[in-house]
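Step one of this worksheet: look at the structure below.
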Amino acid sequence: MKIKMAAIWKIFSRSKNAGFFSVIHDQTKIAACRKLYVPNSSKYSTERATSAAEEFSLRYLDGKHEGIALFVMNRPEAKNAMSKNFLRLFTDALTCVKFDKNVRTVIIKSDAQGIFCAGADLKERAKMAAHEVGPFVSMARAAIMELHNLPMPTIAALDGHALGGGLEMALSCDFRIAASNAKVGLTETRLAIIPGAGGTQRLPRLIGVSKAKEMIFTGKMISGTEAEEIGLADYVAEQTETGDAAYQRALVLAEEILPRGPVAVRMAKLAINKGMQVDLTSSMSFEEGCYAQVIPTKDRLEGLKAFKEKRTPQYTGE
């Protein structure tokens with residue numbers, strides 16, 4: 000379906016009544032979010048972390064990693080399974096970073112050794128009445144869709160198993176980095192259900208229909224190495240004694256993104272994501288609309304000035 004140019008420009012309007020594209024920074028809410036974070040343990044000496052509800056926390060890195068936000072899962076006793084409370088905390092973290100222009104990249108990782116996320120909390124699920132299951136799955140689907148729609152680049156660091164909803168979470172990120180010993184799979188058919196948070200749609204788009212059908216129909220799990228071979232993971236990292244090889248590789252990728260113009264990176268992501276949903280002619284209109292948003296920025300002028308002066312540009316996101 001072709002999209003008329005008038006509709007494109009309506010989408011990219013910068014007016015107060017703009018649609019999904021309008022970047023409205025609610026500074027009061029952002030400040031409130033950042034006030035929640037306090038210095039964490041020595042393990043994260045360069046991070047500011049929430050001291051409450053540690054099963055899913057938001058942390059902001061500083062120093063040379065300023066601009067990176069971490070979504071950290073830590074329910075080792077439940078293999079980071081998604082409970083109702085987990086999803087509420089996940090949604091809160093998404094809300095905090097969504098309009099924060101100081102966040103340039105998000106990495107989602109696990110503090111639980113050997114596990115990324117095992118999917119839904121089946122013990123909690125077993126206690127749900129049939130009429131409660133649908134709303135819970137909808138809540139998970141909405142949260143994972145919000146992760147997909149974050150304006151800044153997102154990286155999933157798979158230092159352990161990512162199964163079911165855990166893999167669906169990773170699939171919604173822009174990049175997936177897997178440790179060599181990680182296991183990934185959409186295992187829902189083993190429980191006589193199907194992936195319900197985007198897995199049946201994102202996996203085929205990523206690795207092809209036949210491979211996706213094989214993984215979903217059989218519920219098979221594959222290694223991080225095989226995930227890279229079929230295009231499910233962008234990089235594979237040989238696991239280390241510290242158990243955080245994927246996270247360390249994710250930091251390297253994030254470091255490569257940080258110096259780039261943040262508005263340009265966001266617009267590039269938007270143009271790619273929206274353009275992939277329509278025909279090529281319409282997608283070019285999305286690109287044109289996104290390009291128009293970077294023209295009036297201070298960063299564009301800074302880039303030209305830095306090039307002329309043969310120095311590294313200092314971008315501010317304005």
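One point on numbering: in numbering that gives the first Met the number 0, the residue at position 84 of the sequence shown is 83, and numbering is uninterrupted.
The C-beta atom is built at its ideal place from N, Cα and C for all residues, glycine as well.
- Here the alpha carbon of Gln112 sits roughly 21 angstroms from the alpha carbon of Cys172.
- The criterion of a C-beta distance shorter than 8 angstroms is satisfied by Met151 and Val105.
- Nearest Cα to Thr239 within the set Leu252, Asp233, Ala177: Ala177.
- In this structure Ser222 touches Lys182 by the C-beta definition: roughly 6 angstroms separates them, less than 8 angstroms.
- In the assembly as shown, Pro261 is a buried residue. Its beta-carbon has 16 or more other beta-carbons within 10 Å.
- Between the alpha carbons of Gly302 and Pro258 lies a gap of roughly 11 angstroms.
- For Tyr314, the three-state secondary structure derived from DSSP is coil.
- In terms of CA proximity to Ser179, Glu225 leads the group Gly198, Arg189, Glu225.
- Taking the Cβ atoms as the reference, Gly163 lies roughly 19 angstroms from Ala129, outside the contact range of under 8 angstroms.
- By the criterion of a C-beta distance shorter than 6 angstroms, Ile215 is surrounded in its chain by Leu185, once the five residues flanking it on both sides are discounted.
- Judged by beta-carbon spacing, Phe89 lies beyond the 8 angstroms limit of His160, meaning their Cβ atoms are not closer than that value.
- Under the three-state reduction of DSSP output, Ser222 falls in the strand class.
- Ala156 places its beta carbon 8 angstroms or farther from that of Ala232.
- Distances from the CA of Gly66 to each of Lys212, Ala125, Ala253, Val136 were compared; the closest alpha carbon is that of Ala253.
- For Arg265, the three-state secondary structure derived from DSSP is helix.
- In the structure shown, Ala191 falls within a coil segment according to DSSP collapsed to helix, strand and coil.
- If one requires a minimum length of 4 residues, the alpha helix (DSSP H) runs lying completely within the region 227 to 271 are 244 to 256, in chain order.
- The Cβ atoms of Ile229 and Lys210 lie closer than 8 angstroms to each other.
- Note that the C-beta distance between Ala92 and Asp120 is not below 8 angstroms.
- Here the C-alpha atom of Arg74 lies approximately 30 angstroms from the C-alpha atom of Glu255.
- Ranked by how close their Cα comes to the Cα of Leu69, the residues Phe135, Gly198, Val102 have Val102 in first place.
- Judged by their CB atoms, Lys100 and Gly316 are nearer to each other than the 8 angstroms cut-off.
- Here the alpha carbons of Thr199 and Thr311 stand approximately 43 angstroms from one another.
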